[in-house]
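Trainee:
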């Protein structure tokens with residue numbers, strides 16, 4: 001069941017989302033060659049704790065068959081699409097690393113992802129990152145009362161495929177509230193005019209995973225890390241949004257802390 005949140009509830013989600021957004025800005029100078037993924041994990045954990053929050057990721061398991069997630073963040077490098085475990089792996093110049101951050105604050109969840117370039121990256125990698133941000137923006141622009149989830153997915157798919165990229169289909173966005181994963185499921189592909197009709201008070205993530213090559217993916221033996229099937233580069237950006245009377249509000253405005261344009265309706 002999709003829960004429609006009140007203005008009071010959305011304020012709680014806004015506070016959690018703002019903390020997530022500030023986390024990305026805080027982390028930016030630490031994402032550099034030679035830094036370990038576990039170092040980034042520790043930095044984020046300390047920042048959340050200092051702000052009265054904790055990560056909803058650590059210990060999370062979607063089912064009994066999946067091991068508890070061991071990190072505060074997800075850290076996915078290069079061909080890793082999502083859910084990378086923050087290991088001792090050191091970042092290298094030219095890498096791209098998607099950092100997924102969640103915050104549980106006052107009983108509400110904030111959730112977002114940002115893919116950082118590490119030092120100087122290739123023109124092809126930069127284009128992938130830029131287009132993935134544009135895909136997120138295109139999806140956010142379709143999130144408004146009376147629209148449909150298919151409009152969101154179609155906008156993302158059309159733009160990504162125009163540039164020759166693959167849109168991951170097996171994974172998608174999700175509702176956010178008291179729990180990390182709630183209804184609805186948000187696909188990043190689809191047909192306009194199809195899918196769940198959007199209503200004021202819905203809160204969910206839009207988080208396109210865009211592959212430089214094939215959209216196909218596979219799961220590693222650790223039970224968490226998802227990689228591109230062909231080894232090609234992947235990128236992801238994510239916002240939590242609330243559908244409002246006038247369109248939608250981005251609840252995780254990392255663009256304000258990263259010196260970038262807003263992804264907004």
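Residue numbers (my numbering): 1 to 265.
Just so you know, even glycine gets a beta-carbon here, dropped at the ideal spot from N, CA and C.
#1: Can you grab the Cα-Cα spacing for the pair residue 207 / residue 239, in whole Å?
#2: I want to know whether the region 76-96 touches the region 107-125 - three or more CB-CB distances under 8 Å.
#3: At the level of alpha carbons, what is the spacing between residue 159 and residue 142?
#4: Residue 15 bridges to which residues according to DSSP?
#5: Please classify residue 68 as buried or exposed, where buried requires at least 16 neighbouring CB atoms within 10 angstroms.
#6: I need the DSSP call for residue 189, collapsed to helix, strand or coil.
#7: Suppose you measure from the CA of residue 249 to the CA of residue 140; what does that come to, to the nearest Å?
#8: Helix, strand or coil for residue 221 per DSSP?
#9: What is the DSSP secondary structure of residue 257, reduced to helix, strand or coil?
#10: Would a C-beta distance cut-off of 8 Å place residue 190 and residue 154 closer than the cut-off?
#11: Compare the beta carbon distance of residue 245 and residue 211 with 8 Å and say whether it is the shorter of the two.
#12: Below 8 Å on the Cβ atoms is my guess for residue 205 versus residue 174; work out the distance and round it to an integer in Å.
#13: On a Cα-Cα basis, can you pick out the residue from 44, 132 and 53 that is closest to residue 96?
#14: Could you check the C-alpha separation between residue 104 and residue 16 for me, to the nearest Å?
Mentor: With the structure as the only source:
#1: Numbered from 1 along the chain shown, position 207 holds the residue referred to as residue 207. Numbered from 1 along the chain shown, position 239 holds the residue referred to as residue 239. Distance between the alpha carbons of residue 207 and residue 239: 6 Å.
#2: yes
#3: The count along the chain shown starts at 1 and reaches residue 159 at position 159. The count along the chain shown starts at 1 and reaches residue 142 at position 142. Between residue 159 and residue 142, the C-alpha separation is close to 13 Å.
#4: The count along the chain shown starts at 1 and reaches residue 15 at position 15. Residue 15 pairs with nothing; no bridge assigned.
#5: Working through the chain shown from its first residue, we reach residue 68 at position 68. Its Cβ having fewer than 16 others within 10 Å, residue 68 is exposed.
#6: Position 189 of the chain shown, counting from 1, holds the residue named residue 189. Coil, per DSSP.
#7: Locating residue 249 in the chain shown gives position 249, where the first residue counts as 1. Locating residue 140 in the chain shown gives position 140, where the first residue counts as 1. Residue 249 and residue 140: Cα-Cα distance of roughly 9 Å.
#8: Here residue 221 is taken as the residue at index 221 of the chain shown, counted from 1. Here residue 221 sits in coil by DSSP.
#9: Here residue 257 refers to the residue found at position 257 when the chain shown is read from its first residue. In this structure, residue 257 counts as helix in the three-state DSSP scheme.
#10: Translated into positions along the chain shown, residue 190 becomes position 190. Translated into positions along the chain shown, residue 154 becomes position 154. Result yes, Cβ atoms of residue 190 and residue 154 sit closer than 8 Å.
#11: Within the chain shown, numbered from 1, the residue matching residue 245 stands at position 245. Within the chain shown, numbered from 1, the residue matching residue 211 stands at position 211. No; because the gap between Cβ atoms is not below 8 Å, this pair is not in contact.
#12: Looking up residue 205 in the chain shown gives position 205. Looking up residue 174 in the chain shown gives position 174. Contact holds; Cβ gap of about 6 Å.
#13: In the chain shown, residue 96 corresponds to position 96, counting from 1. With distances taken between Cα atoms, residue 96 lies closest to 132.
#14: As a position in the chain shown, residue 104 is number 104, starting the count at 1. As a position in the chain shown, residue 16 is number 16, starting the count at 1. When rounded, the distance between both Cα atoms is 7 Å.
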